[in-house]
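Residue numbers (my numbering): 16 to 144.
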């Protein structure tokens, strides 16, 4: 009996750690995808402006807030304005710049107008620490 208790405890700890890792990776995916989309579009994207229609805070971190933005991109090269929703991380102090009614800078994929990312060079989302 004394042999099984440490073994069962160890297995439970491993299962818990696996759960935490899987949960963290799954929850961070949308934010990583938007950041990766930005890295791709900074090289080949078309700059545009967008009006923030809605902001929903999903989680508050120590420094950053996880938010979901709904934006309407400006008409661009004959393309009609397009509404987009995406999740991103914004420094707590900068969330005010992304409130509904604000205009932000975005990058749009010329080949796929549904691929939009915040242009972090002009609409800052982080504060250097």
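Idealized CB from N, CA, C, for every residue including glycine. Predicted model, so just to flag it, every value in this text is computed and none were measured.
| Query | Result |
| --- | --- |
| Can the beta-carbon of residue 125 be found closer than 8 Å to that of residue 51? | no |
| Taking the runs of the beta strand (DSSP E) that are 3 residues or longer, which of them lie wholly in the stretch 38 to 89? | 61 to 75, 79 to 88 |
| With H, G and I counted as helix, E and B as strand and the rest as coil, what does DSSP make of residue 104? | strand |
| Among 130, 123, 32, 119, whose alpha-carbon lies nearest the alpha-carbon of residue 138? | 119 |
| Using a threshold of 8 Å, state whether the C-beta atoms of residue 85 and residue 96 are closer than that. | no |
| Give a yes or no on whether the C-beta atoms belonging to residue 80 and residue 90 are separated by under 8 Å. | no |
| Tell me residue 132's beta-bridge partners as DSSP assigns them. | 122 |
| What are the residues that DSSP puts in a beta bridge with residue 91? | 94 |
| Quick one: using the 10 Å Cβ neighbour count with 16 as the cut-off for buried, is residue 56 buried or exposed? | buried |
| Report the rounded CA-to-CA distance for residue 67 versus residue 108, giving the unit in angstroms. | 17 Å |
| By how many angstroms is the C-alpha of residue 21 removed from the C-alpha of residue 33? | 18 Å |
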